[in-house]
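Number of protein chains: 4
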Amino acid sequence: MVRVAVVGVTGYTGAELVRLIAGHPGLELTAVVGRSEAGKPLAAVYPHLATTRYGALVVQAFDAAALAASADVAFLGLPHGAAAEHAAQLLERGMRVVDLSADFRLRSEEDFRAFYGEHHAPSLQKSAVYGMPELHRNELRDARLVAAPGCYVTATVLGAAPLLALGLADLRAGILADCKSGVSGAGRTPSVGSLFAEAGEGMSPYKVDAHRHRPEIEQELRHVAGAPVRLTFVPHLVPMTRGILATIYADPTDAARDLDTAGLVERIAAHYENEPFVRVLPPGQLPSTTMVRGSNFCLIGAAVDRRAGRLIVASVIDNLVKGASGQAVQALNVVLGLPETAGLGQVPLYP
Amino acid sequence: MVRVAVVGVTGYTGAELVRLIAGHPGLELTAVVGRSEAGKPLAAVYPHLATTRYGALVVQAFDAAALAASADVAFLGLPHGAAAEHAAQLLERGMRVVDLSADFRLRSEEDFRAFYGEHHAPSLQKSAVYGMPELHRNELRDARLVAAPGCYVTATVLGAAPLLALGLADLRAGILADCKSGVSGAGRTPSVGSLFAEAGEGMSPYKVDAHRHRPEIEQELRHVAGAPVRLTFVPHLVPMTRGILATIYADPTDAARDLDTAGLVERIAAHYENEPFVRVLPPGQLPSTTMVRGSNFCLIGAAVDRRAGRLIVASVIDNLVKGASGQAVQALNVVLGLPETAGLGQVPLYP
Amino acid sequence: MVRVAVVGVTGYTGAELVRLIAGHPGLELTAVVGRSEAGKPLAAVYPHLATTRYGALVVQAFDAAALAASADVAFLGLPHGAAAEHAAQLLERGMRVVDLSADFRLRSEEDFRAFYGEHHAPSLQKSAVYGMPELHRNELRDARLVAAPGCYVTATVLGAAPLLALGLADLRAGILADCKSGVSGAGRTPSVGSLFAEAGEGMSPYKVDAHRHRPEIEQELRHVAGAPVRLTFVPHLVPMTRGILATIYADPTDAARDLDTAGLVERIAAHYENEPFVRVLPPGQLPSTTMVRGSNFCLIGAAVDRRAGRLIVASVIDNLVKGASGQAVQALNVVLGLPETAGLGQVPLYP
Amino acid sequence: MVRVAVVGVTGYTGAELVRLIAGHPGLELTAVVGRSEAGKPLAAVYPHLATTRYGALVVQAFDAAALAASADVAFLGLPHGAAAEHAAQLLERGMRVVDLSADFRLRSEEDFRAFYGEHHAPSLQKSAVYGMPELHRNELRDARLVAAPGCYVTATVLGAAPLLALGLADLRAGILADCKSGVSGAGRTPSVGSLFAEAGEGMSPYKVDAHRHRPEIEQELRHVAGAPVRLTFVPHLVPMTRGILATIYADPTDAARDLDTAGLVERIAAHYENEPFVRVLPPGQLPSTTMVRGSNFCLIGAAVDRRAGRLIVASVIDNLVKGASGQAVQALNVVLGLPETAGLGQVPLYP
């Protein structure tokens, strides 16, 4: 059993990590860290975790030496900035780190600075591996520092990747991603915009031009396309707790001009044939976020708008699982050489 | 007082018409028709209407002669097909008709046939006036037959119209409308997809290539642009009862290439300066459907994505008010020469 | 026109007061006060109010003298404690005050101290009139200081009052009120418990033995019964924005032992016959909070459980209207000698 | 591996059974039956099940002989009436049956007739074992026909049982259960009341005096108390998909008069000490339905209202798991002599 710690356990991604580790055959949770609730048992912070064997585990304050003594791997569910500082201390002491913040996701220092400010551990930034196994599986094996991807990024990149990899999307028209997220994506820190009375029963776009996931999506699309991709990315807040839906639009290349819906779906399905967590729906079906709730799956549907000449791909994930904690576990499985699906067999909770 | 009847009162648009007529200074509701609940007082069908002066009005079966004797104008909240048949009978007897179905919205017989099948009153189809005062105010004056617009159409066309009318949007790239609707848009007839347990806590696209509002949007965009407009329109179902959000994307023309967000907002605001029911938010603000709930307003926000070179407009309405019953009343106000805002002063219900 | 000010306009009850005043024929809003947003126009704080004639009104910091110069009446939507202090200053300057906090609701200093701590204006506490017209209409006429009732109190007392007033409920068994509230009742100040991701899709009881509305309910039930009433009151949080449902249980007195549902409903309906804002549903129908949303109505249904020998009354209100701002306006109408329903004709927004 | 079939797989309890069986180490799903979707693979009916190894299993029409050949045990998720008929045929052919309908839950033929009409297999009615292991564990071992309990019954009986078993509740005052259910309890058959636009954002009581779970609750409370128990049971519909909350009120017996909250909680916790699926929260905490979502746990909190002299217990379950399919699997585990928790290790999905 590999001993793991969860740092920042009081946030949603932290709690979700505990849920997943509790059912993982190769991981043992040995420490949980959370500043605001230190001293309490996990079950007092999250009563639903009282049903796991970790309910009595006491939340600790952060202590790098103590963590290194009790665990081999640390998951970090911390705000950006803080994550880099903590990661540096833990790596130094020989631990592996899977960081769920944005600190190590961007290859470009310039992009990081533009969207987040000065980096707290620039020397580590380039050594991190981007934790999306579907795009970086080989780099992940035996990695010391994994940057788990953002939720919007995961849904968008998994949806758009086949269009770019297969040369179906015209790069001049680019990729337009109209994305919709559940409210848990905003985390557990109280804010007016995340209140039930504000976010419920309504919908709106936000941060139309400045969302921090934008450079990350651009980076990964460029990785797939082998060239810069013109991207418009508009996030929206939806009155649901979990789930991200990315509706992706592209103009077909000459090579794709004659594809109909069945042909497009077939190409995408073939592209993902061997991926354990990506499923492609048959032609005529489109995915709902409810179809993946609580699971690590990404579900994709596609259609061709023949009248207007556009390719449309819809991609859904659970933002807290495949968009955060589940993908972090999946990446760690690859790092450790465990079966990639270990501990991730949760069937979606529907309805 | 103009005497009005509501035919098809048991659906949501019918109930909403009663709510609006109850507060209208120039309309008197004299008859309500609804096949499935005939014989019951309105308050038994819709307990919330017990609080109006019309709670005791008894729902009748349809009888054209009786209606013509008791009312001057009929609102029709019927399924398409049925609407055309009923409208013909009422127009013959000298009534004015405001039809909320799709039967008279399309100018092109061919489009109608492609999306709805054979028309039941083709001779009337061309005489109807499209009931969106912002685009057809002059034609509406004294009209006998008004085709109240579809909900998706209203949000999309009001959002896209300034881009086309002012020559800001490149017609070759066209208009891409990613639309999101509350579940009441599916009506009150039970279906699996509209169940709370199915539509709640999740989101999905649907009818990606075949939604019936598509030819109607194309028709009205062409009306504004003076030329055919390439349109991609993808509707989505959102877990909220009321509201439509249209997120609209366009590539700038050369003339618009240098616009920033402030400039774009200013142009749109000037375009709608004299419209009583369209409000444009200041730069940096984007609309939520909650900001118009229960009211006849359309709220618009806009931004320029400079990095990718795209114009973005977000437009919200309450699908049952500005998207249906409220716009029908607004159109009737124009028809009758009443103040256009009469009876439509409801302040949005927020939160 | 009576000039009114809203102090504490940035909270939900403040915004709701503006909505109601905007449609009130006898009130003119001349000042809005709100510490956290001073200097901004109302429309910037609440975009939905941009549709009213008050959108450009600028939020001010509190200044008693300036308020007294510009308005005759002040509504206070402030936290308890602060309300008493502000009320004292405004009353001194000759204004009438309608306070929506708890500061002046309790007649008993001891109860106040037990649930809220030391009172900030004890001399005023006894002079205030409890602003529920159905119970205190005569005392309200020309009152200087009105204590608008709590939301749970309104739903519970209006539901239980007929049972007590008509001698139907056994006082030894008392009144058991299982109450359910929408999340807007917790206000607009962010807290973990009010987050969409926490309060959504779930339900729980809270403050089972210590909710601050308890002594207020006891006070008003005692007022109706003419004797102390044994009360159990358990509040629950429900995933809806607006609405309170009080399900009320009592054991029948000997006089009520033979009542069936029809008889019970008839007695309650007769009790409220002349009340403009209380409606009683026919036997066999039970109220939903959706039937009163956005309106000042209280809707009541009742049934007799013959098998177990219990009377059951269900009472619903919109917590922000009849449970707060609407009832405050209703009380002010009585104070000022205006028609009690002035400005309160909103038809419930359904669905 | 025990081979099991799910009859009535297209309903929510059927789909939930497949989810649970997919993760069960001792059960193998060999057949799924569903009239309305016969011929389709499971994944076409429920896309979320495409992620399990049973996605390609084809839905069949009912054929008792074929089922008996392919499976040892049948779960029945059918409407009452139909269930009895199907059960009889399968039992005859030597299968074990776990029936999730109401057909075999009531011991009293008279009660069955009063609430459901004539019984379709009266000879079997008395031989069935009521499938709540916490109350009937010994009777369940090796049973041929199990009647899985109703959802309201499970939450109410598990909450009230300790009060009755320990002699804490006064039988004359009886048990008052104010119950709240999510909308999935109404099943997947479309009806107006279950529509998102109707059930969303509101709350109401229903079937105050005639809900079919009433005689079942009375039967099981009598079983625990050893005497008839006066019961008032009022169900409410809550805008959430999953979950039942039973808030239970009782008057203390003399023996319980001096209990405070800590004492009451301690007694209940001791009562359930060895139950694998019942958890009792510490004093001061009350359960939310979100704390058990997707899991087979029942979570209980309790408090004493000293001022009024009442005991209050709050009990939550997931209506589709512990209230239906999960409890059915738990009961089958007992029947088969498997570990009672086999396949039921799902951690609650929170948030």
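Protein chains in written order, with numbering that gives the first Met the number 0: chain A, 0 to 350; chain B, 0 to 350; chain C, 0 to 350; chain D, 0 to 350.
Even for Gly, the Cβ is constructed at its ideal location relative to N, Cα and C.
Note that the structure is a prediction, hence the values are computed from the model and not measured.
Can you tell which of the options has its C-alpha closest to the C-alpha of residue i?
{"i": "B:Val-328", "options": "B:Lys-125, B:Met-131 and B:Gln-59", "result": "B:Met-131"}
{"i": "D:Ala-268", "options": "D:Ala-160, D:Arg-112 and D:Glu-36", "result": "D:Ala-160"}
{"i": "B:Thr-240", "options": "D:Thr-153, D:Leu-244, D:Arg-136 and D:Ala-196", "result": "D:Ala-196"}
{"i": "A:Gly-13", "options": "A:Arg-34, A:Phe-74, A:Val-1 and A:Ala-60", "result": "A:Phe-74"}
{"i": "A:Thr-9", "options": "A:Arg-34, A:Ala-30, A:Ala-65 and A:Ile-20", "result": "A:Arg-34"}
{"i": "A:Ala-67", "options": "A:Arg-171, A:Arg-112 and A:Val-6", "result": "A:Val-6"}
{"i": "D:Ser-203", "options": "D:Ala-209, D:Ser-190 and D:Cys-178", "result": "D:Cys-178"}
{"i": "D:Arg-256", "options": "D:Leu-167, D:Gly-342, D:Val-128 and D:Leu-123", "result": "D:Leu-167"}
{"i": "A:Ala-164", "options": "A:Phe-114, A:Glu-215, A:Gly-225 and A:Arg-143", "result": "A:Gly-225"}
{"i": "A:Thr-246", "options": "A:Pro-286, A:Val-182 and A:Pro-121", "result": "A:Pro-286"}
Whose C-beta lies closer than 7 Å to the C-beta of residue i among residues of the same chain, with five residues either side of it excluded?
{"i": "A:Gly-293", "result": "Asp-317, Val-320, Gln-345, Pro-347 and Leu-348"}
{"i": "D:Ala-330", "result": "Val-97, Gly-130, Pro-132, Leu-139, Val-145 and Ala-147"}
On the criterion of 16 or more Cβ atoms from any shown chain inside 10 Å, does residue i qualify as buried, or is it exposed?
{"i": "B:Asn-137", "result": "exposed"}
{"i": "B:Arg-305", "result": "exposed"}
{"i": "B:Met-0", "result": "exposed"}
{"i": "C:Arg-278", "result": "buried"}
{"i": "B:Gly-116", "result": "exposed"}
{"i": "A:Val-237", "result": "buried"}
{"i": "D:Ser-180", "result": "buried"}
{"i": "D:Val-191", "result": "exposed"}
{"i": "C:Ser-324", "result": "buried"}
On the DSSP bridge assignment, give the partners of residue i in chain order.
{"i": "D:Tyr-248", "result": "D:Leu-175 and D:Ile-311"}
{"i": "A:Pro-281", "result": "According to DSSP, A:Pro-281 bridges with nothing at all."}
{"i": "D:Tyr-129", "result": "D:Ala-146"}
{"i": "B:Gln-59", "result": "B:Val-32"}
{"i": "B:Val-156", "result": "None, per the DSSP bridge assignment."}
{"i": "A:Ser-203", "result": "A:Leu-236"}
{"i": "B:Ile-243", "result": "B:Ser-180 and B:Ile-316"}
{"i": "B:Asp-98", "result": "B:Leu-75 and B:Ala-146"}
{"i": "A:Val-264", "result": "According to DSSP, A:Val-264 bridges with nothing at all."}
Tell me which same chain residues have a C-beta within less than 6 Å of the C-beta of residue i, skipping the five on either side of it?
{"i": "B:Ala-185", "result": "Ser-193"}
{"i": "A:Thr-288", "result": "Gly-242, Leu-244 and Val-315"}
{"i": "C:His-210", "result": "Pro-234"}
{"i": "B:Glu-219", "result": "Val-156"}
By Cβ distance below 8 Å, which residues in the same chain neighbour residue i in space, the five residues on each side in sequence not counted?
{"i": "B:Gln-284", "result": "Gly-300"}
{"i": "D:Ser-126", "result": "Arg-143 and Leu-144"}
{"i": "A:Lys-206", "result": "Pro-234"}
{"i": "C:Pro-275", "result": "Glu-339 and Thr-340"}
Please identify, using Cβ separations under 7 Å, the residues of the stretch 179–191 of chain C that lie next to chain A, in order along the chain. Val-182, Ser-183, Arg-187, Pro-189, Ser-190 and Val-191
Where the stretch 190–207 of chain B meets chain D: residues whose CB sits under 7 Å from a CB there: Ser-190, Val-191, Ser-193, Leu-194, Phe-195, Ala-196, Ala-198, Gly-199 and Glu-200
For the stretch 220–232 of chain D, which residues have a beta carbon sitting closer than 8 Å to at least one beta carbon of chain C? Arg-229, Leu-230 and Thr-231
In chain order, what residues of the stretch 5–23 of chain D put their CB closer than 9 Å to some CB of chain B? Tyr-11
With 9 Å as the C-beta to C-beta threshold (strictly closer), list the residues of the stretch 252–286 of chain A near chain C in chain order. none
By the 8 Å beta-carbon criterion, what residues does the stretch 335–347 of chain B contribute toward chain C? Gly-344, Gln-345, Val-346 and Pro-347
Where the stretch 315–328 of chain A meets chain B: residues whose CB sits under 9 Å from a CB there: Only Val-315 from the stretch 315–328 of chain A bring a Cβ to less than 9 Å from some Cβ of chain B.
Anything in the stretch 40–71 of chain A with a Cβ closer than 7 Å to a Cβ of chain B? List those residues in chain order, please. None of the residues of the stretch 40–71 of chain A has a beta carbon lying less than 7 Å from any beta carbon of chain B.
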